[in-house]
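Asker: First, the structure itself, so that you have it in front of you.
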Amino acid sequence: MLTAFDLLLIGIAITIMLVGLSRRCSSWRNGLAEDRPGDWAGLISYLFGHKKILKNRNAGIAHLILFWGFVIPLLIIILAQFGFTVPLIPARFLSLLTDILGIALLVGALFFLARRIKSRDPGAPKRTIFPLFILLIILITGFLAEGTRLSIVHPNFSWSSPVGWLLSIGLPASPLLMQLMIRFHFFAVLFFVAILPFTFMRHLAAAPFNVYYRKKGPRGELKPILLQEGPLGAGTVRDFSWKQLLDAEACVSCGRCE
Numbered sequence: 039m040l041t042a043f044d045l046l047l048i049g050i051a052i053t054i055m056l057v058g059l060s061r062r063c064s065s066w067r068n069g070l071a072e073d074r075p076g077d078w079a080g081l082i083s084y085l086f087g088h089k090k091i092l093k094n095r096n097a098g099i100a101h102l103i104l105f106w107g108f109v110i111p112l113l114i115i116i117l118a119q120f121g122f123t124v125p126l127i128p129a130r131f132l133s134l135l136t137d138i139l140g141i142a143l144l145v146g147a148l149f150f151l152a153r154r155i156k157s158r159d160p161g162a163p164k165r166t167i168f169p170l171f172i173l174l175i176i177l178i179t180g181f182l183a184e185g186t187r188l189s190i191v192h193p194n195f196s197w198s199s200p201v202g203w204l205l206s207i208g209l210p211a212s213p214l215l216m217q218l219m220i221r222f223h224f225f226a227v228l229f230f231v232a233i234l235p236f237t238f239m240r241h242l243a244a245a246p247f248n249v250y251y252r253k254k255g256p257r258g259e260l261k262p263i264l265l266q267e268g269p270l271g272a273g274t275v276r277d278f279s280w281k282q283l284l285d286a287e288a289c290v291s292c293g294r295c296e
């Protein structure tokens, strides 16, 4: 049950995130004008199908796992805050689904963490490893909290929470430990939300806009160069179009463009 203090912390974290995203948005909106009609069909196809990302099979599958492993539990958690009463059997299936997606998300996060550490760019791990580490903390503390809870109620077997049940075998039946894991998990989630605009994880917000406004014509098409218009190229950030700045905002330093 959320307390008034918890709601205050949630409000602070969301405010920090929104202020950060607003500032990032202002930075690319200061770019040069460029006419880019939106593409809703392309956005929906890209997000739900992951067609382009899946061209790189291993990374694509891992990203697909991360995407659905993040979105579905998030929707379940949000709906749970409205006090809906779900019948026992459907509730257990939702619990099982959350467990499965949690493990999938953990595997996906570990894959990308290893991928970043092995990156050829020595600066890439420093920029990207921290938010992935926080994500791992969120997942691990969530499972430990569930495992400790199950060790307290002593179920013979919980098919709806298989991971928590396995962990409960080796965890003490300690209400204090359970509360510590719940609070640690809660604070880690809030921290992740607050730092989102300030790490490469901001692509969660920037990427949908980037796809929505992506170019529909031939890729790599060059614009005509008019020598009489002055210096060639970009001398400052303001010489880029807003879409080019948005491209940079959505970049996750994967290295595939190099």
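According to my numbering, the sequence shown holds residues 39 to 296 in order. For every residue, glycine included, the Cβ atom is placed at its ideal position computed from N, Cα and C.
1) Which residue's Cα is closest to the Cα of L70: E287, V275, A288 and A286?
2) In whole angstroms, what separates the C-alpha of P125 from that of S198?
3) Would you kindly work out how many angstroms separate the C-alpha atoms of F278 and S60, rounded to a whole number?
4) Ends of the alpha helix (DSSP H) at R240?
5) Compare the Cα-Cα distances from F43 to each of F224, L283 and F247 and report the closest residue.
6) So what's S212 in DSSP terms, helix, strand or just coil?
7) What are the boundary residues of the alpha helix (DSSP H) that V57 is part of?
8) Assign S279 to one of three DSSP states: helix, strand, or coil.
9) How would you call W78, buried or exposed, if buried means at least 16 neighbouring beta carbons within 10 angstroms?
10) Would I10 and I138 be called neighbours here (beta carbons separated by less than 8 Å)?
11) Quick one: is the Cβ of G185 within less than 7 Å of any heavy atom of the ligand COA?
12) Taking the C-alpha atoms as reference points, what is the distance between L177 and N96?
13) Express the C-alpha separation of V201 and A226 in angstroms, rounding to a whole number.
14) My assumption, with CB atoms under 8 Å, is that F238 sits in contact with L205. Please give the rounded CB distance.
15) Using alpha carbons as the reference points, say which of V231, K90 and L92 lies closest to V57.
16) Quick check on R221: buried or exposed, where buried means 16 or more other Cβ atoms within 10 Å of its Cβ?
Answerer: Looking at the atomic coordinates:
1) V275
2) 14 Å
3) 19 Å
4) Where R240 is concerned, there is no enclosing alpha helix (DSSP H), given that its DSSP letter is neither H nor E.
5) F224
6) coil
7) A42 to R67
8) strand
9) exposed
10) Since the first residue shown for the chain is 39 and the last is 296, residue 10 is missing from the structure and cannot be characterised.
11) For the structure depicted, the ligand COA is absent and the ligand set is empty, with no information on it obtainable.
12) 21 Å
13) 20 Å
14) The pair is not a contact, with the Cβ atoms about 31 Å apart (cut-off 8 Å).
15) V231
16) exposed
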